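Have a look at the structure below, then the notes.
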Amino acid sequence: MSAEALISEADFKLSMRHLAGAVSVITVGDGQDRTGFTATSVSSLSAALPSVIVSVNRASSSWPALQRYGCFCVNVLAADQQQVAQSFAGLDGRKGAERYGDAGWYRLKTGAAALENALTVLDCKLETAFHYNSHAILVGHVCAIEIRRDMGPLLYWRGGYHQLPAEADRGGLAKALG
15 MSAEALISEA DFKLSMRHLA GAVSVITVGD GQDRTGFTAT SVSSLSAALP SVIVSVNRAS
75 SSWPALQRYG CFCVNVLAAD QQQVAQSFAG LDGRKGAERY GDAGWYRLKT GAAALENALT
135 VLDCKLETAF HYNSHAILVG HVCAIEIRRD MGPLLYWRGG YHQLPAEADR GGLAKALG
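Have a look at this one:
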């Protein structure tokens with residue numbers, strides 16, 4: 015029996031819940047055709063040609079919009095933006111453009127929606143998408159960024175949201191984590 019057969023989907027998901035990650039909302043579309051999703055699967059790819067990798071389930075409503083629009087915005091959430099994360103995760107039952115209702119938004123270079131007061135926003139042009147099983151791995155060329163320095167990040171770990179205070183950036187990480 016192969017090692018692959020010994021690992022169940024449930025065990026794998028439980029294991030991945032131990033991987034702490036920054037919470038981002040990926041936005042795509044325009045007007046009533048806007049949609050988006052909450053993701054912890056965002057990573058830098060290259061600084062030489064500023065780019066990021068984002069994973070998306072191809073069964074999600076965001077996948078067709080990503081293909082149509084060819085751009086997206088990675089909104090890395092600040093510690094005080096848990097409600098936005100929950101809305102874009104579909105936890106309050108909202109879909110599509112309804113998810114944008116409780117926050118302020120503006121546009122950067124590509125036209126994708128950037129979240130006011132996000133920790134950072136990365137406005138991206140979709141360069142390519144690799145299909146792997148149920149997901150697509152998006153490679154986004156970063157066209158514009160904005161950064162907020164006075165707030166800590168919203169993190170997701172062990173199935174729940176956690177906050178890391180801004181002072182952790184200034185050497186207080188040990189104090190912040192106890």
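For the sequence shown, the tail end lands on 192 under this note's numbering, and the numbers increase by one without skipping. Ideal placement from N, C-alpha and C gives every residue a C-beta, glycine not left out. In this text the structure is predicted, and so the values were computed from the model without any measurement.
Can you have a look at ALA99 and say buried or exposed, based on whether 16 or more other CB atoms are within 10 angstroms of its CB?
-> buried
In this structure, does DSSP put LEU136 in helix, strand or coil?
-> strand
If you run the structure through DSSP and keep just helix, strand and coil, what is PRO167?
-> strand
Check ARG82 in the structure and name its three-state DSSP category.
-> helix
Consult DSSP for LEU20 and reduce its assignment to one of helix, strand or coil.
-> helix
Along the chain, where does the alpha helix (DSSP H) that runs through SER101 open and close?
-> 96–102
Can the beta-carbon of LEU152 be found less than 8 Å from the beta-carbon of VAL42?
-> no
Tell me whether ARG48 is buried or exposed, calling it buried when 16 or more other Cβ atoms sit within 10 Å of its Cβ.
-> buried
In chain order, what residues of the same chain lie with their CB nearer than 7 Å to the CB of LEU191, ignoring the 5 residues before and after it?
-> In this prediction, LEU191 scores a pLDDT of 49, lower than 50, which makes its location untrustworthy; the coordinate-derived value is nonetheless stated afterwards. Once the five neighbours on either side are set aside, LEU191 has no close Cβ partner at all.
Beta-carbon proximity check, ALA103 vs ASN131, cutoff 8 Å = no
GLY173 in three-state terms, based on DSSP = coil
Pull up the DSSP beta-bridge partners for ASN89, would you.
-> VAL39, VAL135
Counting pairs of beta carbons, one from the stretch 18–34 and one from the stretch 63–82, are three or more of them closer than 8 Å?
-> no
I think ALA34 touches TRP171, with their Cβ atoms under 8 Å apart; what is that distance to the nearest whole Å?
-> 4 Å
Would you grab the beta carbon distance between LYS139 and GLY154 for me? Rounded to a whole angstrom, and I think it's under 8 Å.
-> 7 Å
Using 10 angstroms around the beta-carbon of ALA127, count the other beta-carbons present and answer buried if the total reaches 16, otherwise exposed.
-> buried
Throw me the rounded Cβ distance for the VAL66 and SER58 pair, which I believe falls under 8 Å.
-> 6 Å
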